[in-house]
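Read in order, the letters of the sequence shown correspond to residues 637 to 985 in this note's numbering.
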Amino acid sequence: MAQPNGFDGRPGVTDTLGRTLRDLRISVTDRCNFRCTYCMPREVFGRDYEFLPKDQVLSFEEIERLARAFVGLGVEKLRITGGEPLVRHDLPDLIAMLAALTGTDGSPLDLTLTTNGSALRALARPLADAGLRRVTVSLDSLDDAVFGAMNGIDFPVERVLDGIAAASEAGLAPIKVNMVVRRGINESSVLSMAAWARDAGVILRFIEYMDVGHSNGWRLDEVVPASELVEMIRAAWPIEPADPLYRGEVADRWRYTDGGGEFGVIASVTQPFCRDCTRARVSADGKIYTCLFAVDGHDARAVLRSGVSDAELAAFVEGIWARRGDRYSELRSAATSRLPKVEMFAMGG
Ligand code: SAM
C-alpha cells in the first residue's frame, strides 16, 4: 500500500535515501532493428547474437499486472522502451491495457514511449488511438552520413523525420527528441539539430554519452559535458534556465527567450541526479532494476509465474524499493566502472 508523504508530499513509497517511487520504464523487448554504435554495436550484436527466447519475455498480461502493482504504490508515469519497443508485435494492445490504469488518486497516468522512430509512420495512429499520450524519438544527427554511421544500419534521417511527423499528426505531443552527443562523432550536428527542433516545435534533449553496459567501449573523453552543450546553444540563441516541471525530472530545462521553445540537457555523467531519482525499470525478461547502472535485477517474472496474489506482488515490489540505496552516478569512479553492468538495451533505456 502506498504510504502518505513521499518526498513530493503525495502518497508513495520511499527508499533508504528518501526518494519516492514515481516512474517506471518497461522494456518490452531486448531486440532492436538499429545497431547504434554506443548501444548495440554490430560487432557484438551480429547475426549470431542470441536474444531472449519468447517464453522468457513477459507477456502483455504479465506486464500489465506488474505495472498495476507499481501504480498502486504511487507510480504516475509509465514509459515503454526496449530494445526498440515498436518491433514488439501488437504493441497497441499493450498500450490499451496500460492506458486503462489510473493513479492512486484516480488520475490518468503519463503514458509514453521511447523509440528510434523507424516504425512510427505505421504505428503512431494505432498507438495514439490505444491511449498513448506522447513519444520521445531518438535522433542523433540530421546528416545522413553521421546518423547512418551512428545507427549502424545506414537508416536514413528522412524516415525518422517522417515518423516524427506521423507522431505529430496523431497528436502524440509534446514530442521530445533525444540526441546522444559523442565527442568527435556528432558534436558538429548540435546546432543544426537545435535549429531544426526550434522550427519543428519539438523539445530537443542532449544526452551525455553514458557508461552503460560494456559493449560500447565507453571513454570519458568522448563525453561532451552538458555545460559545454549549453554554451554552444547560448552562442547561437538567447537562453535562460527553466524550472523543473517536477522533482526527479531527468533533463535540465532551458528556454529560448526569443520564443523558440525549450531544450534540455541530461547530464548523467557530469551532474548526476541520483538524489532525485524516482525511477524503476523492468527488463523484457521481467527483472526489476532500481538503477540504470545496476549489476543485478530482481526476478519479478519468477514471482509473477509462481501464482502470487496481487497483494504479495505489491509487497515484493515495495520491498525492493524500500531497500534501495543505489546512487551509482554520484559514486562513479575507476572502481565502479569495472563493475559488471547490464547493457542498456537489455534493461530498457
Ligand atoms: N530503441 C529506442 C530508442 O532508440 O529510443 C529505445 C531504447 S534506447 C536504449 C533509449 C535511449 O537510450 C535512446 O535515446 C538512446 O540514444 C539512449 N542511449 C543508448 N545508449 C546510450 C549511452 N551509452 N549513453 C547515452 N544514451 C544512450
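Glycine is no exception: its CB is placed at the ideal position from the N, C-alpha and C atoms.
These figures come from a predicted structure and were not determined experimentally.
- Taking C-beta separations shorter than 7 angstroms and ignoring five residues to either side along the sequence, the partners of residue 779 in its chain run 825, following chain order.
- A heavy atom of the ligand SAM is found nearer than 7 angstroms to the CB of residue 774.
- The C-beta separation of residue 707 from residue 737 comes to about 5 angstroms, placing the pair in contact by the 8 angstroms criterion.
- Between residue 930 and residue 663, the C-beta gap is not smaller than 8 angstroms, which leaves the two residues out of contact.
- In this structure, residue 643 lies near residue 656, with their beta-carbon atoms less than 8 angstroms apart.
- Positions of the beta strand (DSSP E) runs, each at least 3 residues long and wholly inside the segment 669–756, are given as 713–717 and 746–751 in order along the chain.
- Its Cα nearest to that of residue 735, the residue 764 stands out among 757, 764 and 723.
- In this structure, residue 821 has its CB at a distance of at least 7 angstroms from all heavy atoms of the ligand SAM.
- Straight-line measurement puts the Cα of residue 659 at about 6 angstroms from the Cα of residue 914.
- Nearest in C-alpha terms to residue 665, of all of 720, 829, 800 and 810, is 720.
- Annotation note: the segment 815–876 contains the following uninterrupted beta strand (DSSP E) runs of length 3 or greater, listed N- to C-terminal: 839–844.
- Ranked by how close their Cα comes to the Cα of residue 712, the residues 727, 694 and 740 have 740 in first place.
- Taking 8 angstroms as the cut-off, the Cβ atoms of residue 844 and residue 748 do not count as close.
- Per DSSP, reduced to three states, the secondary structure at residue 933 is coil, with no helix or strand assignment.
- With respect to residue 885, residue 891 sits apart: the two C-beta atoms are not nearer than 8 angstroms.
- Short note on residue 980: C-beta closer than 7 angstroms to some heavy atom of the ligand SAM.
- Under the DSSP definition of a beta bridge, residue 899 partners with 840 and 890.
- Under the criterion of beta carbons closer than 8 angstroms, residue 983 and residue 940 do not qualify as touching, at roughly 18 angstroms.
- Residue pairing by DSSP puts residue 925 in a beta bridge opposite 917.
- Pairing residue 966 with residue 722, the inter-Cα distance amounts to about 33 angstroms.
- Within the DSSP bridge table, the entry for residue 656 names 650 as partners.
- CA-to-CA, the gap between residue 756 and residue 894 works out to about 31 angstroms.
- Distances from the alpha-carbon of residue 750 to those of 680, 841, 791 and 936 put 841 closest.
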